[in-house]
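Engineer: In my numbering, the protein residues as written are 1040 to 1165.
Built from N, CA and C at the ideal position, the CB exists for glycine as well.
No experiment lies behind these values; they were computed from the predicted model shown.
Here it is, the structure in full.
So this is what it looks like as structure tokens:
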């Protein structure tokens, strides 16, 4: 399997793992939901987990890959405020946890670019 064939499946796997984690250990995610969002943090945790699972399925299927990958790029931009909140909330934690929270911030850009590359690779193949 070539790299261009593996990349969408790896992205789908990442999304599926993250989406599953939202349901398996929701409390970890509840704490990073921005307070400005209406409703319960758990609702947002489950909604984002369901979105990740749905996007994973869309990216895994060649027929829906392009549209789903573009939606993934938008999703990664949309969850950035949660990562900012986590970094702010964890600024007084031990160094390894603080580093993990801060490391998530610049990681969003390569994730967005990866999703866009998957979308571009799917052009004309659906």
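Measure the alpha-carbon distance for residue 1117 versus residue 1041 and round it to whole angstroms.
Structural biologist: Each residue's Cα considered, the two are about 30 Å apart.
Engineer: Against chain D, with Cβ distances strictly below 9 Å, would residue 1146 count as a contact?
Structural biologist: Here chain D cannot be found, since the structure has a single protein chain.
Engineer: Return the residue from the list 1157, 1153, 1152, 1121 that minimises the CA-CA distance to residue 1141.
Structural biologist: Nearest option by C-alpha distance: 1121.
Engineer: Could you name the residues of the same chain whose beta carbon sits closer than 6 Å to that of residue 1051, not counting the 5 residues immediately before and after it, in chain order?
Structural biologist: For residue 1051, where only same-chain residues beyond five positions count, the Cβ hits under 6 Å are 1095, 1098, 1099.
Engineer: So, does the stretch 1063-1072 touch the stretch 1124-1134, judging by three or more C-beta pairs under 8 Å?
Structural biologist: Segments in contact, yes.
Engineer: Tell me which residue opens and which closes the alpha helix (DSSP H) that residue 1160 is part of.
Structural biologist: Looking at the DSSP string, the run of the alpha helix (DSSP H) that includes residue 1160 is 1134-1161.
Engineer: Between which two residues does the alpha helix (DSSP H) holding residue 1129 run?
Structural biologist: Segment: none, residue 1129 is in no alpha helix (DSSP H) and carries neither H nor E.
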